[in-house]
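**Q** Protein chains in written order, with UniProt numbering: chain A, 1 to 371; chain B, 1 to 357. In this text, a Cβ means the ideal position worked out from N, Cα and C, and glycines have one as well. Sending over a structure as structure tokens; questions will come in a sec.
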């Protein structure tokens, strides 16, 4: 698996990267761009941000196209491609029949010729049907063809546990895809990073599997302008701290930040890192944090067995053993199919109270902050 | 054998040709034949390892296809892909070196027998999983249409793959959007060890596209193949997908680990060789039209020598260096490092499609 030690920006000239700032603005960022950025400071929802990213990239590059179920006339089951078929036509926003294996292969074939398809899985879980195409063709073709064929595609869609959607519609496929050689895994979490990361993913020549979350589409926030393209391999420092490093991604970031509210009142000062890049890991940011706090907790929605946290835990143990004062704690979902009943579903995934308990265990007692 | 058709008018079965065209067919088919026989010998001598699927007996299918299309049209096929490399402009040396796992090979020794690619001449491989190339082919056809190119994608697969679900998914999509895709089923009547009638409820593969028109062609007759493919190309560019079933035969087993005689009789194989061999057919036509048998002797010697030289050069080729293990994992260099087997070992994946170092 890929572990990033010397991460460099994937695209465009860089601004000096201070911790937490991982935004790369293009060289054209002059007054006009700044004014446009200021004008765009209204809050939008994540689905709108993703839609903006797709729209801007399709306008910029005629080889970018979208394919998936109900992405065209229906507008996307989560509205991420709403109205785009009217602007770009049916061939560039292609409504496919329900055949994941078939249209994933079709996307790979199109990408081999140089097109840049964005293939949407209506739910990431459905992409299990396309596993062969994703693993053998999308992931491996660049290598087995001796570098002849690139596969510049983005596979995106919502995953994760929703609201009582049942076991088959609540899956976390990042754990299955992480072993595939040749693919990059990226998980967005905020309005801002979702747009900037999706733009970067579309521009990247590598095959990117882009994980969104069913429950985050209506999260509100500010998005960047058309020039804001994030670095796909860099983690995001959500909160600087000194007591413990909490590594998380996707919706669990919000669960962690909810726990942080309680933890701060109890006198703790946790550092929260949003992994963003699930493969490769941003070891530069991760190592810097662990060296500072000497304690690591991973909070993820993957299953305990074989999840992203399992890999991250192994990496931290192997490369940062002497920097740790405590074994790596991993909070993951239970190894059970996600139940339907609300209470059981909640018991399957990590809750913020469990994050608080884990921090208390790892850090020991603290003097609570006077309220 | 006349064309059999499904939902379409048959092309004429009167074909015009000339000596020089037939000679070019003969040369290519004989080259393919000798190449596959050399691969057989090299496999038995353990220079080639793993899986090796040979194409001898089916040469007319590929030769006829190539005669009807250009190098701007695309071809994708399964693991029985050695001859496509050569027909699409690759050299025998590149193929042999790839089979032997040498750095001079078509995919630098990284792909092997089942993963031969030639991007320059629109050969998209070379795919190991049965049927997985069919949706890829639909995607390539989609790209041709997307860009407005006057080209088709020939997607080749076998009678075994014809029972895969993803084939029907691809056919449905190609039909919906009228993609310029020609689906060629190379029906050699056996899916590895299982005869077609034991695997397919309906072995009339050219009809199984239902609403997609189909043509069944004598795949041992290179002129019939050429005629039908030219017709299919014109149809596909104007209307949309079409299925072609090539009635053909492979002399070898499914692969080198299969003797090929446990599920079929030697009499059947010999009968094919004597009655329907594609190369003999063309040779007879040429002999009857003024070409001297001495010319064939000369040509055969020349082609055999070319193959033998390539085999010797491939044997003398060099092993790909360890550093190539990490090349071209990713097209965009990430500045990341990959972990080695032992702790503390790191390797930087580089993007270097020329394999300069």
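Could you compute how far the alpha carbon of residue 242(B) sits from the alpha carbon of residue 218(B)?
**A** So the alpha carbons of these two residues sit roughly 17 Å apart.
**Q** Measuring only the C-alpha atoms, how far is residue 158(A) from residue 71(A)?
**A** If you take the alpha carbons of residue 158(A) and residue 71(A), they lie about 14 Å apart.
**Q** Whole angstroms is fine: what's the gap from residue 133(A)'s alpha carbon to residue 190(A)'s?
**A** The alpha-carbon atoms of residue 133(A) and residue 190(A) are separated by roughly 29 Å.
**Q** Pop quiz: residue 368(A) and residue 266(A) are said to be a contact at Cβ under 8 Å. What is the actual Cβ separation, rounded to whole angstroms?
**A** That pair is a contact at about 5 Å.
**Q** List the residues of chain B whose Cβ lies closer than 7 Å to the Cβ of residue 149(A), in chain order.
**A** Here the neighbours are 117 and 119.
**Q** Can you check whether the C-beta of residue 172(B) is within less than 7 Å of a C-beta belonging to chain A?
**A** Yes, contact with chain A.
**Q** Applying a beta-carbon distance threshold of less than 7 Å, which residues of chain B neighbour residue 179(A)?
**A** Near residue 179(A) there are no residues of chain B at all, since even the closest Cβ is about 13 Å away, more than 7 Å.
**Q** Are residue 50(A) and residue 99(A) closer than 7 Å when you measure CB to CB?
**A** The answer is no: Cβ separation not under 7 Å.
**Q** How would you write the range of the beta strand (DSSP E) that residue 279(A) sits in, first residue to last?
**A** 277-279 is the extent of the beta strand (DSSP E) around residue 279(A).
**Q** What's the gap between the Cα of residue 348(A) and the Cα of residue 207(A)?
**A** Residue 348(A) and residue 207(A): Cα-Cα distance of roughly 31 Å.
**Q** Indicate whether at least one CB of chain A lies closer than 7 Å to the CB of residue 166(B).
**A** It does: the Cβ of residue 166(B) has a partner Cβ on chain A nearer than 7 Å.
**Q** With a threshold of 7 Å between beta-carbons, can residue 329(B) be considered close to chain A, or not?
**A** With 7 Å as the cut-off, residue 329(B) counts as an interface residue toward chain A.
**Q** Would residue 166(B) pass as a contact of residue 102(A) if the rule is Cβ separation under 7 Å?
**A** Their beta carbons are under 7 Å apart, which means residue 166(B) touches residue 102(A) by this criterion.
**Q** For chain B, check one thing: does any of its Cβ atoms lie closer than 7 Å to the Cβ of residue 204(A)?
**A** Taking Cβ atoms only, chain B reaches closer than 7 Å to residue 204(A), which makes this a yes.
**Q** Determine the DSSP secondary structure at residue 161(A), reduced to helix, strand or coil.
**A** If DSSP states are grouped into helix, strand and coil, residue 161(A) belongs with coil.
**Q** Please list the segments of the alpha helix (DSSP H) lying wholly inside the segment 332-361 of chain A, counting only runs of 4 or more residues, in order along the chain.
**A** Listed in chain order, they are 342-348.
**Q** Buried or exposed for residue 84(B), please, with buried defined as at least 16 other CB atoms from any protein chain shown within 10 angstroms of its CB.
**A** The residue is buried, with at least 16 neighbouring Cβ atoms inside 10 Å.
**Q** Taking its Cβ as the centre, do 16 or more other Cβ atoms sit within 10 Å of residue 1(B), making it buried, or is it exposed?
**A** Flag for residue 1(B) reads exposed.
**Q** I think residue 251(A) touches residue 298(A), with their Cβ atoms under 8 Å apart; what is that distance to the nearest whole Å?
**A** The pair is not a contact, with the Cβ atoms about 15 Å apart (cut-off 8 Å).
**Q** Given that a residue counts as buried once 16 or more other Cβ atoms are within 10 Å of its Cβ, and exposed if not, what is residue 120(A)?
**A** Buried, by the Cβ-count rule.
**Q** Here's the rule: buried if 16 or more other CB atoms are within 10 angstroms of the residue's CB, otherwise exposed. What is residue 322(A)?
**A** So residue 322(A) counts as exposed.
**Q** Assign residue 247(B) to one of two classes, buried (16 or more other C-beta atoms within 10 Å of its C-beta) or exposed (fewer than that).
**A** Classification for residue 247(B): buried.
**Q** Using the Cα positions of residue 177(A) and residue 135(A), report the straight-line distance between them to the nearest angstrom.
**A** The alpha-carbon atoms of residue 177(A) and residue 135(A) are separated by roughly 8 Å.
**Q** Of all the options 315(A), 355(A), 326(A) and 358(A), which has the alpha carbon lying nearest to the alpha carbon of residue 340(B)?
**A** For the residues 315(A), 355(A), 326(A) and 358(A), the minimum Cα distance to residue 340(B) belongs to 315(A).
**Q** Entirely within the segment 63-98 of chain A and at least 3 residues each: give me those beta strand (DSSP E) ranges in chain order.
**A** Whole beta strand (DSSP E) segments, 3+ residues: 64-68 and 93-95.
**Q** Give the DSSP-derived three-state secondary structure of residue 237(A) in the structure shown.
**A** Note: residue 237(A) maps to strand in three-state DSSP.
**Q** Go to residue 415(B), then tell me how far its alpha helix (DSSP H) extends in each direction, as first and last residue.
**A** Outside the displayed range of chain B (1 to 357) lies residue 415(B), so it cannot be described from this structure.
**Q** Hey, how far is the Cα of residue 378(A) from the Cα of residue 36(B)?
**A** Residue 378(A) falls outside the range modelled here, since chain A spans only 1 to 371, and no answer is possible.
**Q** Thinking just about the alpha-carbon of each residue, which of 11(B), 124(B) and 109(B) is nearest to the one in residue 88(B)?
**A** It is 124(B) whose Cα lies nearest to the Cα of residue 88(B).
**Q** Compile a chain-ordered list of the residues in the segment 325-356 of chain B whose CB is closer than 9 Å to at least one CB of chain A.
**A** Hits within the stretch, in order: 327, 328, 329, 330, 331, 332, 333, 334, 335, 336, 337, 338, 339, 343, 344, 346, 348, 349, 351, 352, 353, 354 and 355.
**Q** For residue 278(A), is the classification buried or exposed, using 16 other Cβ atoms within 10 angstroms of its Cβ as the cut-off for buried?
**A** By the neighbour-count rule (16 or more Cβ atoms within 10 Å), residue 278(A) is buried.
**Q** On a CA-only basis, which of 3(B), 4(B) and 8(B) is nearest residue 240(B)? Give me that one, please.
**A** For residue 240(B), the nearest C-alpha among the options comes from 8(B).
**Q** Whole angstroms is fine: what's the gap from residue 208(B)'s alpha carbon to residue 202(B)'s?
**A** Answer to the nearest angstrom: the Cα atoms are 8 Å apart.
**Q** Taking only the alpha-carbon atoms, compute the straight-line gap between residue 193(A) and residue 196(B) and give it to the nearest angstrom.
**A** Cα to Cα, residue 193(A) sits roughly 53 Å from residue 196(B).
**Q** Can you tell me which of 196(A), 355(A), 82(A) and 76(A) puts its alpha carbon nearest to the alpha carbon of residue 247(A)?
**A** Answer by Cα proximity: 355(A).
**Q** Please check the pair residue 274(A) and residue 238(A), which I expect to be a contact at CB under 8 Å, by giving their CB distance rounded to whole angstroms.
**A** Their Cβ separation, rounded to whole angstroms, is 5 Å, which keeps residue 274(A) and residue 238(A) in contact under 8 Å.
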